[in-house]
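These notes are about the structure you will find just below.
Pasting the structure below:
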């Protein structure tokens, strides 16, 4: 009984210690160690899922945009596919600074709103956006803008935290100065994102999701978060969609 009470109190303290920040402030803080997270389950799963989705896209010689590029986690893979240009967009100056340190010739833009007003219509052949869309409040406005940026016949890949796990209390967290911080999210059911794109003449080519299973337990063990694993085991944790603009 004492052990049960102690465990409950530890969990309660852990939850109360989480500080939520908006995406700009959170990622400016997180940028310092974002590339040094070997035990981050979401980055691990996103890497696997993105590699699967991008394998279906020919980017050689194409104009590619990475919206929510962060520190350029996927840029090594993208550059290996020989795009014509690769342009990164992010809300966080801290993340873009890290990206430019790794790729000094990178084309980058700071996102200040959903409209991308300085970018001409139909600039890009391919747009990718990984672990980003749940940070966007007005998803309809954003999808209309992305559709404007993409050429006819262009392709779009989106991955992110599954809205089911976010709606059930899941958070995007990281550690900073011995405390836990969470990034603000908005819950967008996948069908609302797809519907917004369908209204802009997109068709769905592929949709995938990954559920939390036994193989992921070591990640939670290393983070001392087995209670989180037990709560969400069987939940879809990440999804990916691949669409084409007509």
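Numbering (the working numbering), first residue to last: 2 to 247.
For every residue, glycine included, the Cβ atom is placed at its ideal position computed from N, Cα and C.
Run of the alpha helix (DSSP H) containing residue i, from where it starts to where it stops
i           : result
residue 188 : It is not in any alpha helix (DSSP H) - residue 188 carries neither H nor E in the DSSP assignment.
residue 112 : First-last for residue 112: undefined, no H or E at that position.
residue 55  : 42 to 55
residue 149 : 140 to 150
residue 240 : Taken as a continuous stretch (DSSP letters only), residue 240 belongs to no alpha helix (DSSP H), being part of the beta strand (DSSP E) at 237 to 246.
residue 30  : 24 to 31
residue 231 : 227 to 233
residue 218 : 218 to 223
Residue i, enclosing beta strand (DSSP E) - first and last residue
i           : result
residue 66  : 64 to 68
residue 182 : 180 to 184
residue 166 : Taken as a continuous stretch (DSSP letters only), residue 166 belongs to no beta strand (DSSP E), being part of the alpha helix (DSSP H) at 164 to 168.
residue 1   : As shown, the chain starts at 2 and ends at 247. That puts residue 1 outside it, with no answer to give.
residue 61  : Careful: residue 61 lies outside any beta strand (DSSP E) and carries neither H nor E.
residue 212 : 203 to 212
residue 173 : 173 to 177
Through-space distance from residue j to residue i, alpha-carbon basis
i           : j           : result
residue 60  : residue 86  : 10 Å
residue 77  : residue 90  : 16 Å
residue 236 : residue 166 : 7 Å
residue 117 : residue 212 : 34 Å
residue 234 : residue 199 : 32 Å
residue 81  : residue 155 : 20 Å
residue 201 : residue 145 : 7 Å
residue 3   : residue 186 : For residue 3, the pLDDT reaches just 43, beneath the cut-off of 50, and the residue's location in the model is therefore unreliable, although a value from the coordinates is still provided. Each residue's Cα considered, the two are about 36 Å apart.
residue 20  : residue 171 : 14 Å
residue 158 : residue 205 : 10 Å
Opposing strand residues paired with residue i [DSSP bridges]
i           : result
residue 90  : 68, 110
residue 21  : 183
residue 84  : 61
residue 198 : Partner(s): none; residue 198 has no beta bridge.
residue 157 : 128, 244
Under 7 Å between C-beta atoms of residue i and residue j
i           : j           : result
residue 174 : residue 47  : no
residue 53  : residue 44  : no
residue 230 : residue 245 : no
residue 195 : residue 126 : no
residue 163 : residue 240 : yes
residue 68  : residue 92  : no
residue 100 : residue 131 : no
residue 24  : residue 238 : no
Best match in the options for proximity to residue i [C-alpha to C-alpha]
i           : options            : result
residue 103 : 32, 66, 176        : 32
residue 177 : 187, 35, 186, 107  : 35
residue 247 : 203, 199, 225, 240 : 203
residue 114 : 105, 101, 147      : 147
residue 193 : 21, 50, 134        : 134
residue 108 : 129, 65, 131       : 65
residue 41  : 227, 243, 221      : 221
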